[in-house]
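Colleague: In terms of full-length UniProt numbering, the sequence shown has 1 at position 1, counting the first letter as 1, and numbering is strictly consecutive. Glycine included, every Cβ here is placed at the ideal spot set by N, Cα and C.
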Amino acid sequence: MQKIHIIGLGLLGGSFGLGARQKFPELVISGHDSNPQNLKDALTLGIITEAKETPDADTDLVILATPADTLGDLLLQTLDQVGENTLVFDVGSTKAKLCALMADHPKRKQYLAAHPIAGTEYSGPKAAFADLLNRKVNIICELEKTDLHLKEKAYELFDALNLKLRFMDPEEHDRHLAFVSHLSHASSFMLGQTVLQRMQDDKNIFDMAGSGFASTVRLAKSSPAMWAPIFTENKENILAALDGFIANLTDFRNKIESGDSKGLYEEMAEINKIRDILDLGK
Numbered sequence: 001m002q003k004i005h006i007i008g009l010g011l012l013g014g015s016f017g018l019g020a021r022q023k024f025p026e027l028v029i030s031g032h033d034s035n036p037q038n039l040k041d042a043l044t045l046g047i048i049t050e051a052k053e054t055p056d057a058d059t060d061l062v063i064l065a066t067p068a069d070t071l072g073d074l075l076l077q078t079l080d081q082v083g084e085n086t087l088v089f090d091v092g093s094t095k096a097k098l099c100a101l102m103a104d105h106p107k108r109k110q111y112l113a114a115h116p117i118a119g120t121e122y123s124g125p126k127a128a129f130a131d132l133l134n135r136k137v138n139i140i141c142e143l144e145k146t147d148l149h150l151k152e153k154a155y156e157l158f159d160a161l162n163l164k165l166r167f168m169d170p171e172e173h174d175r176h177l178a179f180v181s182h183l184s185h186a187s188s189f190m191l192g193q194t195v196l197q198r199m200q201d202d203k204n205i206f207d208m209a210g211s212g213f214a215s216t217v218r219l220a221k222s223s224p225a226m227w228a229p230i231f232t233e234n235k236e237n238i239l240a241a242l243d244g245f246i247a248n249l250t251d252f253r254n255k256i257e258s259g260d261s262k263g264l265y266e267e268m269a270e271i272n273k274i275r276d277i278l279d280l281g282k
């Protein structure tokens, strides 16, 4: 592996660049970002070694790390530009639409559908760091449709960055992520919205915010440019997750309204079992 090209030089694309340069010092990493400041920062921070809009025909890997609603057109465009020995993979949070788009594409074997479950509430090249992907899960969809020899190039990078690979059907991926990732971001944004609305009447409300509020609302600091497209691209699954969440909130509210202390206790005690599940996943 000699050349990598990254399109989208924010947190995730930038961290791939920094991690790859750390593990493969001789690697040539070119890149592009539609935001001129991001491109400038990526060069200054050493995320990329060269700024260019399109990958060379002999590039080994092209990484697409742009917002979810841009990936389809970008993927088609990139596959038209690269040679037959280049593998293209995206790192988007939704997979079903992309896999459906690529189903009958003549260069389908040169595409790998990937989703590293990694990130922070911060965005942009300055938020990137080399160890972001260390020991994180990387979900791969429809692996069998990618050329055996080409996917070895991605495996070399994934192994160097210490990513843990998991394999999943794209529709299953999108359903699961709606509940364990997308819903948590939506609820965090709306918690932040609710408190900001209250702040209009009580300017001192944040003086009383403790660590519980800070940790729960942390995701509300995430990039709207990234998350608005995710919510619309995975609309059906997220609506199903939101419907269940709203129904549970309504039931919880009703218990509070009726003074059902015993019911509240029993429900929260049952939910406490998630502690054991999450501990097992560490």
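1) What does the alpha-carbon distance come out to for the pair Met1 and Asp60?
2) With a threshold of 8 Å on Cβ separation, who are the neighbours of Leu219 within its own chain once the five nearest residues in sequence on each side are excluded?
3) Just checking my contact of Ala130 with Leu43 at CB under 8 Å: how many whole Å lie between their CB atoms?
4) Considering only the alpha carbon of each residue, which of Ala113, Lys164, Glu172 lies closest to Asp147?
5) Excluding five sequence neighbours on each side, which residues of the same chain lie with their C-beta closer than 7 Å to the C-beta of Met168?
6) In the DSSP output, what is Ser30 paired with across the bridge?
7) Cys99: which of Glu84, Pro116, Ser123, Leu71 sits nearest, CA to CA?
8) With distances taken Cα to Cα, identify the nearest neighbour of Leu161 among Gly8, Ile7, Ser15.
9) Can you tell me where the alpha helix (DSSP H) holding Val91 begins and where it ends?
10) Comparing C-alpha positions only, which one of Asp104, Leu79, Val137 sits nearest to Gly119?
11) For the alpha helix (DSSP H) holding Asn38, just list the boundary residues, first then last.
12) If you count every other CB in all the chains shown that lies within 10 Å of the CB of Lys235, and 16 or more means buried, which is it?
13) For the putative contact between Leu79 and Gln110, defined by C-beta atoms under 8 Å, what is the C-beta separation to the nearest angstrom?
14) Taking only the alpha-carbon atoms, compute the straight-line gap between Lys126 and Leu9 and give it to the nearest angstrom.
15) How many Å lie between Leu11 and Lys107 at the Cα?
16) According to DSSP, what are the bridge partners of residue 331?
17) Restricting to runs no shorter than 4 residues, where is the alpha helix (DSSP H) found entirely within the stretch 135-189?
18) Note down, in chain order, each residue of its chain lying with its Cβ closer than 7 Å to the Cβ of Phe179, except the 5 sequence neighbours on either side.
19) Going by other Cβ atoms of all chains shown within 10 Å of its Cβ, with 16 needed for buried, is Glu270 buried or exposed?
20) Mind checking which residues open and close the beta strand (DSSP E) that includes Trp128?
21) Could you tell me the distance, in whole angstroms, from the CA atom of Arg198 to the CA atom of Lys164?
22) Considering just the uninterrupted stretch of the alpha helix (DSSP H) at Pro224, what are its terminal residues?
23) Quick one: residues in its chain with C-beta nearer than 7 Å to the C-beta of residue 283, no 5 flanking neighbours on either side, listed in chain order?
24) Three-state secondary structure (DSSP) at Val195?
25) Could you pull the start and end residues of the beta strand (DSSP E) that Ile63 belongs to?
Modeller: According to the structure shown:
1) On the sequence shown, position 1 is the one that residue 1 refers to. On the sequence shown, position 60 is the one that residue 60 refers to. So the two alpha carbons sit approximately 6 Å from each other.
2) As a first step, residue 219 is located in the sequence shown; it is residue number 219 there, counting from the start. Excluding five sequence positions before and after Leu219, the CB atoms of its chain that fall closer than 8 Å to its own CB belong to Glu121, Ser184, His185, Ser188, Phe189, given in chain order.
3) Numbered from its first residue, the sequence shown carries residue 130 at position 130. Numbered from its first residue, the sequence shown carries residue 43 at position 43. Separation of the CB atoms of Ala130 and Leu43 is rounded to 16 Å, and the pair is thereby denied contact status at 8 Å.
4) Position 147 of the sequence shown, counting from 1, holds the residue named residue 147. That would be Ala113, whose Cα lies nearest to the Cα of Asp147.
5) Position 168 of the sequence shown holds residue 168. For Met168, same chain residues with a beta-carbon under 7 Å away, outside a window of 5 residues either side, are Ile139, Cys141 in chain order.
6) Taking the first residue of the sequence shown as position 1, residue 30 is located at position 30. Bridge partners of Ser30: His5, Glu50.
7) Numbered from 1 along the sequence shown, position 99 holds the residue referred to as residue 99. Cα-wise, what sits closest to Cys99 is Leu71.
8) As a position in the sequence shown, residue 161 is number 161, starting the count at 1. Considering only alpha carbons, the answer is Ser15.
9) Residue 91 sits at position 91 when you count from the first residue of the sequence shown. Element bounds for Val91: n/a, residue is neither H nor E.
10) Against the sequence shown, residue 119 aligns to sequence position 119. With distances taken between Cα atoms, Gly119 lies closest to Val137.
11) The residue given as residue 38 occupies position 38 in the sequence shown. If you look at Asn38, you'll find it in the alpha helix (DSSP H) that goes 36-44.
12) The residue you call residue 235 lines up with position 235 of the sequence shown. Label assigned to Lys235: exposed.
13) Within the sequence shown, residue 79 is the residue found at index 79, counting from 1. Within the sequence shown, residue 110 is the residue found at index 110, counting from 1. About 6 Å separates the two Cβ atoms, so the contact holds.
14) Reading the sequence shown from its first residue, position 126 is the one you call residue 126. Reading the sequence shown from its first residue, position 9 is the one you call residue 9. For Lys126 and Leu9, the distance between alpha carbons rounds to 10 Å.
15) Residue numbering aside, residue 11 sits at position 11 when the sequence shown is read from its first letter. Residue numbering aside, residue 107 sits at position 107 when the sequence shown is read from its first letter. When only Cα atoms are considered, Leu11 and Lys107 end up about 28 Å apart.
16) Given a span of 1 to 282 for the chain in the structure shown, any question on residue 331 remains unanswerable.
17) The alpha helix (DSSP H) runs of length 4 or more contained entirely in the stretch 135-189 are, from start to end of the chain, 148-160, 170-177.
18) The residue you call residue 179 lines up with position 179 of the sequence shown. The residues are Ala241.
19) Here residue 270 is taken as the residue at index 270 of the sequence shown, counted from 1. It is exposed - the Cβ of Glu270 has fewer than 16 other Cβ atoms within 10 Å.
20) Indexing the sequence shown from 1 puts residue 128 at position 128. Note on identity: in this sequence residue 128 is Ala, with Trp being the wrong assignment. Element bounds for Ala128: n/a, residue is neither H nor E.
21) Position 198 of the sequence shown holds residue 198. Position 164 of the sequence shown holds residue 164. Straight-line measurement puts the Cα of Lys164 at about 42 Å from the Cα of Arg198.
22) Working through the sequence shown from its first residue, we reach residue 224 at position 224. Segment 224-233, the alpha helix (DSSP H) holding Pro224.
23) The chain is shown from 1 up to 282; residue 283 falls before or after that span and cannot be answered.
24) Position 195 of the sequence shown, counted from the first residue, corresponds to residue 195. Helix, per DSSP.
25) Position 63 of the sequence shown, counting from 1, holds the residue named residue 63. First-last of the beta strand (DSSP E) with Ile63: 61-64.
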